[in-house]
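Peer 1: Just so we're aligned: 125 in this note's numbering is position 125 of the sequence shown, and the numbers increase by one with no gaps anywhere.
Glycine included, every Cβ here is placed at the ideal spot set by N, Cα and C.
Being a predicted model, the structure only gives us computed values, none of them experimental.
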Amino acid sequence: MIQPDPLYIKNLRVDPPLILAPMSGLSHTVLRQLIAEYGGCGLYYSEMLSARALPLETPDSSPWLRSTTRERPIIYQLLVSSADELPTAIEKIESCNGDGLDLNMGCTTALITKRGGGISLMKDLRRAEVIVKTSRSATNLPLTAKIRLGWTLDWDALKEFCLMLQDSGVDAISVHPRLKQDRFKRPARWEYIGRIKELIDIPVIGNGDVDSPEAAMRMFERTGCDAVMIGRAAVRCPWLFRQIAASLSSHVHNESLPEPPDAYNRFVSLLETSFEPEYTFPLLKRFTFYFAKNYAFGHTLWRLVHNAGSVAKAAELANEFFSTQTPSLDSL
Ligand SMILES: Cc1cc2nc3c(=O)[nH]c(=O)nc-3n(C[C@H](O)[C@H](O)[C@H](O)COP(=O)(O)O)c2cc1C
Numbered sequence: 001m002i003q004p005d006p007l008y009i010k011n012l013r014v015d016p017p018l019i020l021a022p023m024s025g026l027s028h029t030v031l032r033q034l035i036a037e038y039g040g041c042g043l044y045y046s047e048m049l050s051a052r053a054l055p056l057e058t059p060d061s062s063p064w065l066r067s068t069t070r071e072r073p074i075i076y077q078l079l080v081s082s083a084d085e086l087p088t089a090i091e092k093i094e095s096c097n098g099d100g101l102d103l104n105m106g107c108t109t110a111l112i113t114k115r116g117g118g119i120s121l122m123k124d125l126r127r128a129e130v131i132v133k134t135s136r137s138a139t140n141l142p143l144t145a146k147i148r149l150g151w152t153l154d155w156d157a158l159k160e161f162c163l164m165l166q167d168s169g170v171d172a173i174s175v176h177p178r179l180k181q182d183r184f185k186r187p188a189r190w191e192y193i194g195r196i197k198e199l200i201d202i203p204v205i206g207n208g209d210v211d212s213p214e215a216a217m218r219m220f221e222r223t224g225c226d227a228v229m230i231g232r233a234a235v236r237c238p239w240l241f242r243q244i245a246a247s248l249s250s251h252v253h254n255e256s257l258p259e260p261p262d263a264y265n266r267f268v269s270l271l272e273t274s275f276e277p278e279y280t281f282p283l284l285k286r287f288t289f290y291f292a293k294n295y296a297f298g299h300t301l302w303r304l305v306h307n308a309g310s311v312a313k314a315a316e317l318a319n320e321f322f323s324t325q326t327p328s329l330d331s332l
């Protein structure tokens, strides 16, 4: 059994090498605090932040910039389409005490790709290169890039892109090995994480479909990746990092399985103390969509919360639901 070493992204130590993925509307301070309370997560990403809008925002005006000292280390992800946007956006990340900076090169949302952001950078090597080099010269912070496999399966193009990232100053690459058009139903093509790991000298963070300690171990073993990044399953089970960390090391204890209703209620209470009322209900609905998968009749929980109209009513209905249902955690 592999016991992965801590990951170093430049001088940033990530121990254990288990990472929360950037997810819009999900990877915010509340989810990160909840995950931190369970333990086992070595690095937190923010959701994507618009490099154009960021200079005008502050943690008071934008909830997405908020974080506590418990969610450390933290890397802020930038959605960028032009190098001009970078210097002031990077200054803002530094002023918010970010431990690093990530460039989003994988988002497939049409609105974003049309404006030249996300995965459209994988089709435009030269523009991507300028963006990376500008970021590199603007900061000494650890710099990462998150990519997919591209628009079509073309290993030569992907190879060239990854080598460009490395040569232009990126300190680690996160690989979500799906093509632009791949839906989540199609399994992530982990073999490309392994191929990229063999190609480059900087660390490779593997991502895609890890939803259990066994799956995390398989990803380390099959791909040789330096760290595993988890998205959706960490929303469903904020305690998953602790379980994985316990399975990787004899030093971390995974005393007892958590009670999902406790996690849900803690999420609600952190939500109410961290965000203004206009944000809390939409964010609770988004969280519940994934969390509900802990229950065989999760669609009922999702519907109850979705139609509740307020956080207080949603919490009341959710707790009524929990009192009649047993979670099906073993299916993870
Ligand atoms: C709701 C949602 C929002 C996401 N938002 C982002 C984002 O802001 N930036 C990003 O790089 N990837 C984003 N992703 C992709 C995830 O970071 C991750 O690559 C993907 O979910 C695969 O990992 P998983 O199988 O562990 O979920 C998002 C995914 C989901 C499901």
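1) Does DSSP put Glu-57 in a helix, in a strand, or in coil?
2) Could you check whether the Cβ of Cys-237 sits closer than 7 Å to any heavy atom belonging to ligand 1?
3) Compute the minimum distance between the beta carbon of Lys-146 and the heavy atoms of ligand 1, and state whether it is under 7 Å.
4) For Thr-29, which residues in the same chain have their Cβ closer than 6 Å to its Cβ, ignoring the five residues on either side in sequence?
5) Looking at the structure shown, is Val-170 part of a helix, part of a strand, or coil, going by DSSP?
6) For Ser-120, name the three-state secondary structure that DSSP assigns.
7) Looking at Glu-47 and ligand 1, is the gap between the Cβ and the nearest heavy atom below 7 Å?
8) Inspect the beta-carbon positions of Ile-193 and Cys-225 and report whether they are closer than 8 Å.
9) Rounded to whole angstroms, what is the Cα-Cα separation between Asp-171 and Ser-212?
10) Taking contact to mean 3 or more Cβ pairs, one atom from each stretch, closer than 8 Å, check whether the region 310 to 328 and the region 254 to 269 are in contact.
11) For ligand 1, any of its heavy atoms closer than 7 Å to the Cβ of Lys-78?
12) With distance defined between alpha-carbon atoms, name the residue in Asn-140, Gly-150, Pro-55 and Arg-303 nearest to Gly-106.
13) Going by the CB atoms, is the gap between Ala-292 and His-299 shorter than 8 Å?
14) Under the criterion of a Cβ to heavy atom distance below 7 Å, does Ile-2 qualify as lining ligand 1?
15) Who are the Cβ neighbours of Ser-331 in its own chain at under 6 Å, not counting the five residues just before and after it?
Peer 2: This is what the structure holds:
1) By one-based count along the sequence shown, residue 57 stands at place 57. It is coil, neither helix nor strand.
2) Walking along the sequence shown from the start, residue 237 turns up at place 237. For ligand 1, not one heavy atom lies less than 7 Å from the Cβ of Cys-237.
3) One-based indexing of the sequence shown puts residue 146 at position 146. Checking the Cβ of Lys-146 against ligand 1 gives yes.
4) Mapped onto the sequence shown, residue 29 falls at position 29. Same-chain partners within the cutoff: Arg-66, Ser-67 and Ser-274.
5) Counting from 1 along the sequence shown, the entry for residue 170 is found at position 170. Residue state, collapsed to three classes: coil.
6) In the sequence shown, counting from the first residue as 1, residue 120 sits at position 120. Three-state DSSP puts Ser-120 in a helix.
7) If you number the sequence shown from 1, residue 47 lands on position 47. Indeed, a heavy atom of ligand 1 lies less than 7 Å from the Cβ.
8) Counting from one through the sequence shown, the residue named residue 193 turns up at place 193. Counting from one through the sequence shown, the residue named residue 225 turns up at place 225. It is a contact, given that the beta carbons lie within the stated cut-off.
9) Residue mapping note: residue 171 aligns to position 171 of the sequence shown, counting from 1. Residue mapping note: residue 212 aligns to position 212 of the sequence shown, counting from 1. The straight-line gap from Cα to Cα measures roughly 27 Å.
10) These segments touch.
11) Position 78 of the sequence shown, counting from 1, holds the residue named residue 78. Sequence check: residue 78 is Leu here, not Lys. Placement of the Cβ of Leu-78 at a distance of 7 Å or more from every heavy atom of ligand 1 is found.
12) To locate residue 106, count along the sequence shown from 1; it is residue 106. Ranking Asn-140, Gly-150, Pro-55 and Arg-303 by Cα distance to Gly-106 puts Gly-150 first.
13) Numbered from its first residue, the sequence shown carries residue 299 at position 299. Numbered from its first residue, the sequence shown carries residue 292 at position 292. Cβ atoms of His-299 and Ala-292: closer than 8 Å.
14) If you number the sequence shown from 1, residue 2 lands on position 2. No, since every heavy atom of ligand 1 falls outside the 7 Å radius drawn around the Cβ of Ile-2.
15) Here residue 331 corresponds to residue number 331 of the sequence shown, with the count starting at 1. Low confidence applies to Ser-331: its pLDDT is 43, below 50, so where it sits in the model is not reliable enough to give any reading.
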